[in-house]
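Each residue of the sequence shown is one higher than the last, beginning at 250 in the numbering used here.
Where a beta carbon is used, it is the ideal one built from N, C-alpha and C, also for glycine.
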Amino acid sequence: MKRSIFFQRRPMFAVALIVLLAGGACTPPPPARIETVTGSGNVITETRDVSGFSRIEMLSSGEIVVRVGDVETLTISGEDNLLPLITTEAASGWLVIRHESHKSLSATKPLVYTITVPRLQEVKISGGGPVTATGIDEDSFTATISGASNFTLSGTAQTQSYTINGAGFVNASALIGAQARVTITGMGSVEVNASDSLDVTISGSGTVVYAGNPDITRNITGQGQVIAK
């Protein structure tokens, strides 16, 4: 009798074992370890071959200096062991700057990207580091910050759009335009110069300072402010 019960239960043990093994096989691997690479202190300058872009996206860190000029150029000044980890790719109208995944760059000297481009229509930053762009001459210009970057912009753009998610700052008081749209989520701050209209959406404690005499539309949730300069 006991022998019969034992053989009847063996399939149940086999099924349980299969389920356990299958569950183990489906367990996701542990997240990849992030390696911090510290700069060597030895600064070099490197020229990258890029073309066919009017928009810039930064997915790494460092300072960006953009000048509107006749030809497209990109030079990077930084530490010699960090530059090989940085990729710069121009495609579909965008220049995208990023560093190798699963690595964190810890620069001990300034990391600076100097860019010349005939047209600058948009800049998008995810991370930190200042951005300076001069000589902008566009019908429309867009800037997006995710993080804590600072923008300083000058030139002309009749229609302007600024989005900040975080604590970034945009000084566009020297970028002359007619219409501006500002969206802030967090503690960001934007200075604009708009003659006709200003559309402001703030969720948090952001601040918009404006020059000109625009008609203003406000949609504010929290402690946001819209202030005349």
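_DSSP has residue 474 in a bridge; who is on the other side?_
Numbered from 1 along the sequence shown, position 225 holds the residue referred to as residue 474. Bridge partners of residue 474: 456.
From which residue to which residue does the beta strand (DSSP E) around residue 320 run? Numbered from 1 along the sequence shown, position 71 holds the residue referred to as residue 320. Where residue 320 is concerned, there is no enclosing beta strand (DSSP E), given that its DSSP letter is neither H nor E.
Nearest-angstrom Cα separation, counted from residue 308 out to residue 430
Along the sequence shown, one-based indexing puts residue 430 at 181. Along the sequence shown, one-based indexing puts residue 308 at 59. Answer to the nearest angstrom: the Cα atoms are 24 Å apart.
* Report yes if the C-beta distance between residue 367 and residue 321 is below 8 Å; otherwise report no. => The residue labelled residue 367 in the question sits at position 118 within the sequence shown. The residue labelled residue 321 in the question sits at position 72 within the sequence shown. The answer is yes: Cβ separation under 8 Å.
Excluding the 5 residues flanking residue 476 on each side, which residues of the same chain have their C-beta closer than 6 Å to its C-beta?
Position 227 of the sequence shown, counted from the start, is the residue given in the question as residue 476. 458.
Task: Supposed contact pair residue 342 and residue 303 - C-beta distance, whole angstroms, cut 8 Å - done: Taking the sequence shown and counting its residues from 1, one reaches residue 303 at position 54. Taking the sequence shown and counting its residues from 1, one reaches residue 342 at position 93. Between residue 342 and residue 303 the Cβ distance is about 6 Å, and since that is below 8 Å, they are a contact.
- Message: Quick check on the burial criterion: 16 or more other C-beta atoms within 10 angstroms. Buried or exposed for residue 428?
- Response: The residue you call residue 428 lines up with position 179 of the sequence shown. The residue is buried, with at least 16 neighbouring Cβ atoms inside 10 Å.
Q) Can the beta-carbon of residue 460 be found less than 8 Å from the beta-carbon of residue 422? A) Residue 460 sits at position 211 when you count from the first residue of the sequence shown. Residue 422 sits at position 173 when you count from the first residue of the sequence shown. Yes, these two residues count as a Cβ contact at 8 Å.
| request: Buried or exposed for residue 333, please, with buried defined as at least 16 other CB atoms from any protein chain shown within 10 angstroms of its CB. | output: In the sequence shown, counting from the first residue as 1, residue 333 sits at position 84. Flag for residue 333 reads exposed.
Decide if residue 274 is buried, meaning its Cβ has at least 16 other Cβ atoms within 10 Å, or exposed.
-> Stepping through the sequence shown from its first residue, residue 274 is reached at position 25. Unreliable positioning characterises residue 274 in this predicted model, as indicated by a pLDDT of 48, which lies under 50. A coordinate reading is not provided.
Indicate the three-state DSSP secondary structure (helix, strand or coil) for residue 332 in the structure shown. On the sequence shown, residue 332 is found 83 positions in, with the first residue counted as 1. Three-state result, residue 332: helix.
What number of angstroms, rounded off, separates the C-alpha of residue 389 from the C-alpha of residue 317?
-> Locating residue 389 in the sequence shown gives position 140, counting from the first residue. Locating residue 317 in the sequence shown gives position 68, counting from the first residue. Their backbone Cα atoms lie some 15 Å apart in a straight line.
| request: Identify whether residue 349 lies in helix, strand or coil by the three-state DSSP scheme. | output: Taking the sequence shown and counting its residues from 1, the one referred to as residue 349 is at position 100. Coil, per DSSP.
Buried or exposed, going by whether 16 or more other CB atoms sit within 10 Å of the CB of residue 480? With the chain represented from 250 up to 478, any question about residue 480 goes unanswered, as that position is not in the structure.
How many Å lie between residue 336 and residue 362 at the Cα? Position 87 of the sequence shown, counted from the start, is the residue given in the question as residue 336. Position 113 of the sequence shown, counted from the start, is the residue given in the question as residue 362. Cα-Cα distance, rounded: 12 Å.
Only counting the same chain, and skipping five residues up and downstream in sequence, which positions put a Cβ closer than 8 Å to that of residue 358? Taking the first residue of the sequence shown as 1, we reach residue 358 at position 109. Hits under 8 Å: 288, 290, 292, 327, 328.
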